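Top line first, the protein sequences correspond to chains A and B.
Counting in my numbering, the first sequence runs from 1 upward without gaps.
Counting in my numbering, the second sequence runs from 1001 upward without gaps.
Protein chains: 2
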Amino acid sequence: MGPGPSNPYPEVTAALCRPMLGHLDPEFLALLDETCERLRLVFRTGNALTFPVSATGSGGMEAAFVNFVRPGDPVVIGVNGLFGARMCETARRLGAEVVTVEAPWGEPLDPEAVLAAHDSPAIIALVHAETSTGVRNEIGPIGNGKRDALLLVDMVTSLGGIDVDVDGWNVDVAYSGSQKCLGVPPGLAPITVGDRARQRLVERPSSWYFDLGLLSRYVDAREGRAYHHTAPVSMIYALHAGLGTLLEEGLESSWARHQSCGRLLQDGLVSMGMRLVAPVEHRLPQLTTVWVPDDLVPGCEEADVRRMLLDDFGIEIGAGVGPLAGKAWRIGCMGHTARRRNVTLLLAALGEVLSR
Amino acid sequence: MGPGPSNPYPEVTAALCRPMLGHLDPEFLALLDETCERLRLVFRTGNALTFPVSATGSGGMEAAFVNFVRPGDPVVIGVNGLFGARMCETARRLGAEVVTVEAPWGEPLDPEAVLAAHDSPAIIALVHAETSTGVRNEIGPIGNGKRDALLLVDMVTSLGGIDVDVDGWNVDVAYSGSQKCLGVPPGLAPITVGDRARQRLVERPSSWYFDLGLLSRYVDAREGRAYHHTAPVSMIYALHAGLGTLLEEGLESSWARHQSCGRLLQDGLVSMGMRLVAPVEHRLPQLTTVWVPDDLVPGCEEADVRRMLLDDFGIEIGAGVGPLAGKAWRIGCMGHTARRRNVTLLLAALGEVLSR
């Protein structure tokens, strides 16, 4: 119950063990195509270029920036947590003129401020669900007001857990991670790229591995099946299965399950006398940040609490990061982990540990 | 029996299904440390910075270049196949002044020519085992004569299958892939970086995801365990298990098994009247290139032969690439696939298909 990886769905674990196929085997390519089609349903997009990048979510971020940032480009980035800050670092390394729009950690970004930050940015980028703070940023208003900019959104922690609507929100590029609300082990970064963005691909980006122009020739059957790199076959089996499980449950049912588990957890923490970090109207159900109680037994650090949960109950919760380090915990309820029984156990175990 | 992925060892498949652990869980970190220690034994190196990059072998290549190439650097690259050519493309994108030393596809590089190509290269790079041609290049003589240059070697197809000696050959940076002779699914790129190379790391390379300075703070326990990205936990379980299986068999026993299977295959092909591409003294046992017979039944293409092997026998062999496309096949005997029974089956099946 940390901020990810979550526990994989049982169907996913089973799929990992499927016999190996070559990355150019027709049977594997059919499974890859189906995986991409499932990703389109989950991202809610018709984007042809939608596929799993062969890297973790952070690799998805890199792919999203390296293919669109040209040196000197003005890039507006919303920063209200670790992953927004990381976007800035990534964009700066590629030569972007980064304009940051900040909100305090634990608060949402102001969409108007993001839109007003620059007259004509090449790119506007922000994080949908900030894993470092448990805050949800609004995407729709930025998609409506972006004008000529490309809108690039980190959906690592949101995809599958809360409402995501790539086409409805006019998002040009979005990436995610397999290991959060998709219930798949870490190692893949689903990405989707709209046609407007495809027309602006950097030619010969500094990264060969993440070059979307080259990658599209392998993943998009209409462009042939040119070998680029060996696809991570077993992980794609796993993603295929996880997306199948998610779609069988139904996107809205999955969102509702995440919502009810998150609510149960958050209500439980509050009724134990604890205070939540994120404001209620922008609070993520799948990632809860809670202030460490200031009445811990003398000599007991917040890390000791986490260690007791791990050692005595086999439950991981996450430490705070950045300004929340040592001050808050991050509790995940994502994918297969988002079950009532897990919440009930965590609340009881935490209560027990805190009363020692 | 294509050029990779090979079939995973049974222990590897079982390990993929181990319950998920967080990337900062002490139990996982101990397993990661053990994985790195096993990689040191397999690379035969004492390099502290030895770990699996969270990407496929091609991502290992990118990590190897992006952390050491500065714009304008003279970089000598040996090219006698697809993967040498790919190194050139990667280095050029990073601004290197690439000096190529070529040999015909199917022939080995001349180490003297590689050493003589430039007075003072920043980097000398080449592929140990060319997966596109089945040729082994000599590394030792180049390590002995490299002077101040960093020696950067692609060991994707060699590691675990033939003699590899990173320290003995004075290799500064080497990378591999999980899916060849290590018998693990594709998705990880073991890398090892010597201390001499570490002192020349590019500060703030264009890639954040592959930044070895940042990554070392997570993978090297002595530098703390700073979160960089979520490690691909299940794949690392798999690599840990695959390396365990390999070391239990013994490195030299594994090389001998690859050698005897490769010889059996190559002798079998020759006795069927076929001709091998690579010269005997530089022929890889784990990847055999064989010329397509010029007396195929009229109307039967080389792709039809591969398709019949796949459809009727469940055996994949690889097509030729580059100048060998349509002219040669590539047959892998790697990792768990390197078994006498597989060679016997392939030879019998190929004989049957060719006589139809």
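Don't be surprised by glycine CBs; every beta carbon is placed ideally from N, CA and C.
All values reported here derive from a predicted model rather than from experimental measurement.
Inset, instruction - Would you give the residue range spanned by the alpha helix (DSSP H) that B/F1210 belongs to? - result: In the second sequence, residue 1210 of chain B corresponds to position 210, counting from 1. Looking at the DSSP string, B/F1210 is not in any alpha helix (DSSP H), and its letter there is neither H nor E.
Legend entry - In DSSP terms, what A/F51 is bridged to: As a working note, residue 51 of chain A is residue 51 in the first sequence. DSSP output for A/F51 lists A/I191 as bridge partner(s).
Inset, instruction - Leaving out five residues on either side along the sequence, give the residues of the same chain with a beta carbon under 8 Å from the beta carbon of B/S1120. - result: Indexing the second sequence from 1 puts residue 1120 of chain B at position 120. Result list for B/S1120: P1074, R1147, D1148 and A1149, in chain order.
Legend entry - Extent of the continuous alpha helix (DSSP H) to which A/T13 belongs: The residue labelled residue 13 of chain A in the question sits at position 13 within the first sequence. Here the alpha helix (DSSP H) through A/T13 covers P10 to L16.
Inset, instruction - Give me the Cα-Cα distance between B/S1234 and A/T13, rounded to the nearest whole angstrom. - result: Within the second sequence, numbered from 1, the residue matching residue 1234 of chain B stands at position 234. Within the first sequence, numbered from 1, the residue matching residue 13 of chain A stands at position 13. About 10 Å.
Legend entry - Where the region 48 to 59 of chain A meets chain B: residues whose CB sits under 8 Å from a CB there: S54, A55, T56, G57, S58 and G59
Inset, instruction - Quick one: using the 10 Å Cβ neighbour count with 16 as the cut-off for buried, is B/N1144 buried or exposed? - result: Here residue 1144 of chain B is taken as the residue at index 144 of the second sequence, counted from 1. Its Cβ having fewer than 16 others within 10 Å, B/N1144 is exposed.
Legend entry - Nonlocal neighbours in the same chain, by C-beta distance under 6 Å from B/L1269, ignoring five residues either side: As a first step, residue 1269 of chain B is located in the second sequence; it is residue number 269 there, counting from the start. These residues qualify, in order along the chain: V1290.
Inset, instruction - Could you check how far apart the C-beta atoms of A/P190 and A/Y175 are, in whole angstroms? I think they sit under 8 Å. - result: Walking along the first sequence from the start, residue 190 of chain A turns up at place 190. Walking along the first sequence from the start, residue 175 of chain A turns up at place 175. That belief holds up - the Cβ atoms of A/P190 and A/Y175 are roughly 7 Å apart, short of 8 Å.
Inset, instruction - Can you check the region 226 to 295 of chain A for any alpha helix (DSSP H) of at least 4 residues that lies completely inside it and give the ranges in chain order? - result: 233 to 249 and 251 to 271
Legend entry - Exposure label - A/A103; buried when at least 16 CB within 10 Å: What you label residue 103 of chain A is simply residue 103 of the first sequence in a count that begins at 1. Classification for A/A103: buried.
Legend entry - Helix, strand or coil at A/E138 [DSSP, three-state]: One-based indexing of the first sequence puts residue 138 of chain A at position 138. DSSP places A/E138 in coil when its eight states are reduced to three.
Inset, instruction - Taking 8 Å as the cut-off, decide whether the C-beta atoms of B/S1132 and B/L1082 are in contact. - result: Residue mapping note: residue 1132 of chain B aligns to position 132 of the second sequence, counting from 1. Residue mapping note: residue 1082 of chain B aligns to position 82 of the second sequence, counting from 1. It is a contact, given that the beta carbons lie within the stated cut-off.
Inset, instruction - Report the neighbours of B/W1208 on chain A: residues whose CB is nearer than 7 Å to its CB, in chain order. - result: Translated into the one-based positions of the second sequence, residue 1208 of chain B becomes position 208. Correct list: E62, E89, T90 and R93.
Inset, instruction - Let me know if B/V1297 comes out buried or exposed under the rule of 16 or more other beta-carbons within 10 Å of its beta-carbon. - result: Numbered from 1 along the second sequence, position 297 holds the residue referred to as residue 1297 of chain B. It is exposed - the Cβ of B/V1297 has fewer than 16 other Cβ atoms within 10 Å.
Legend entry - Amino acids of chain B, ordered along the chain, whose beta-carbon sits closer than 7 Å to that of A/G2: The count along the first sequence starts at 1 and reaches residue 2 of chain A at position 2. Within 7 Å Cβ-Cβ: G1022.
Legend entry - Interface residues of chain B facing A/V166 [CB-CB closer than 9 Å]: The residue labelled residue 166 of chain A in the question sits at position 166 within the first sequence. Neighbours of A/V166 on chain B: none; closest Cβ ~22 Å, over 9 Å.
Legend entry - Residue from B/D1294, B/V1053, B/V1101 and B/H1118 with nearest C-alpha to B/W1329: Within the second sequence, numbered from 1, the residue matching residue 1329 of chain B stands at position 329. The option with the nearest alpha carbon to B/W1329 is B/D1294.
Inset, instruction - Leaving out five residues on either side along the sequence, give the residues of the same chain with a beta carbon under 6 Å from the beta carbon of A/G57. - result: Numbered from its first residue, the first sequence carries residue 57 of chain A at position 57. Around A/G57: V156, G177 and A189.
Inset, instruction - Tell me whether the beta-carbon of B/M1001 lies closer than 8 Å to the beta-carbon of B/G1161. - result: The residue given as residue 1001 of chain B occupies position 1 in the second sequence. The residue given as residue 1161 of chain B occupies position 161 in the second sequence. No. Outside cutoff.
Inset, instruction - Please state if the CB of A/F43 and the CB of A/T50 are separated by a distance shorter than 8 Å. - result: Against the first sequence, residue 50 of chain A aligns to sequence position 50. Against the first sequence, residue 43 of chain A aligns to sequence position 43. Yes.
Legend entry - Residues that A/L16 contacts on chain B, provided the C-beta gap is smaller than 7 Å: The residue labelled residue 16 of chain A in the question sits at position 16 within the first sequence. Correct list: L1016, C1017 and S1234.
Inset, instruction - Go through its chain and collect everything with a Cβ distance to B/W1169's Cβ below 6 Å, but skip five positions before and after it. - result: Residue 1169 of chain B sits at position 169 when you count from the first residue of the second sequence. Around B/W1169: I1139, G1140 and G1143.
Legend entry - Residue range of the beta strand (DSSP E) that includes B/P1074: Your numbering for residue 1074 of chain B matches position 74 in the second sequence. Element bounds for B/P1074: P1074 to V1079.
Inset, instruction - Could you round the C-beta distance between A/A85 and A/F65 to whole angstroms and report it? I think they count as a contact, below 8 Å. - result: One-based indexing of the first sequence puts residue 85 of chain A at position 85. One-based indexing of the first sequence puts residue 65 of chain A at position 65. That belief does not hold up - the Cβ atoms of A/A85 and A/F65 are roughly 14 Å apart, past 8 Å.
Legend entry - Residues from the region 173 to 196 of chain A in contact with chain B, defined by Cβ distance under 8 Å: G177, Q179, P185, P186 and G187
Legend entry - Cβ neighbour criterion (16 or more within 10 Å) applied to B/S1207: In the second sequence, counting from the first residue as 1, residue 1207 of chain B sits at position 207. Classification for B/S1207: buried.
Inset, instruction - Check the Cβ-Cβ distances between B/D1073 and every residue of chain A, and say whether any is below 8 Å. - result: Position 73 of the second sequence holds residue 1073 of chain B. With 8 Å as the cut-off, B/D1073 does not count as an interface residue toward chain A.
Inset, instruction - Mind reading off the beta-carbon distance from B/L1182 to B/L1246? Whole number of angstroms is fine, and I expect it under 8 Å. - result: What you label residue 1182 of chain B is simply residue 182 of the second sequence in a count that begins at 1. What you label residue 1246 of chain B is simply residue 246 of the second sequence in a count that begins at 1. Right, their Cβ atoms sit about 7 Å apart.
Inset, instruction - Please state whether DSSP places B/R1200 in a helix, a strand or coil. - result: Counting from 1 along the second sequence, the entry for residue 1200 of chain B is found at position 200. Coil.
Inset, instruction - Could you pull out every residue in the same chain whose Cβ sits closer than 6 Å to the Cβ of A/A125, ignoring the five residues on either side in sequence? - result: Reading the first sequence from its first residue, position 125 is the one you call residue 125 of chain A. Around A/A125: I77, M87 and L152.
Inset, instruction - Could you tell me how far apart the beta carbons of A/A55 and B/A1055 are, in whole angstroms, since I believe they sit closer than 8 Å? - result: Mapped onto the first sequence, residue 55 of chain A falls at position 55. Mapped onto the second sequence, residue 1055 of chain B falls at position 55. Yes, A/A55 and B/A1055 are in contact; Cβ-Cβ is about 5 Å, under 8 Å.
Inset, instruction - If I'm right that B/A1015 touches B/Y1237 with Cβ under 8 Å, what's the distance once you round it to whole angstroms? - result: The residue given as residue 1015 of chain B occupies position 15 in the second sequence. The residue given as residue 1237 of chain B occupies position 237 in the second sequence. Rounded, the Cβ-Cβ distance is 4 Å, consistent with contact.
Legend entry - beta strand (DSSP E) segment containing B/L1151, residue limits: Mapped onto the second sequence, residue 1151 of chain B falls at position 151. Counting along the chain, the beta strand (DSSP E) containing B/L1151 begins and ends at L1150 to D1154.
Inset, instruction - Check whether the Cβ atoms of B/K1327 and B/V1292 lie closer than 8 Å to each other. - result: Start at 1 with the first residue of the second sequence, and residue 1327 of chain B comes out as number 327. Start at 1 with the first residue of the second sequence, and residue 1292 of chain B comes out as number 292. Their beta carbons are under 8 Å apart, which means B/K1327 touches B/V1292 by this criterion.
Inset, instruction - Spell out whether any CB of chain B is found under 8 Å from the CB atom of A/A96. - result: Locating residue 96 of chain A in the first sequence gives position 96, where the first residue counts as 1. Output row for A/A96: interface = no.
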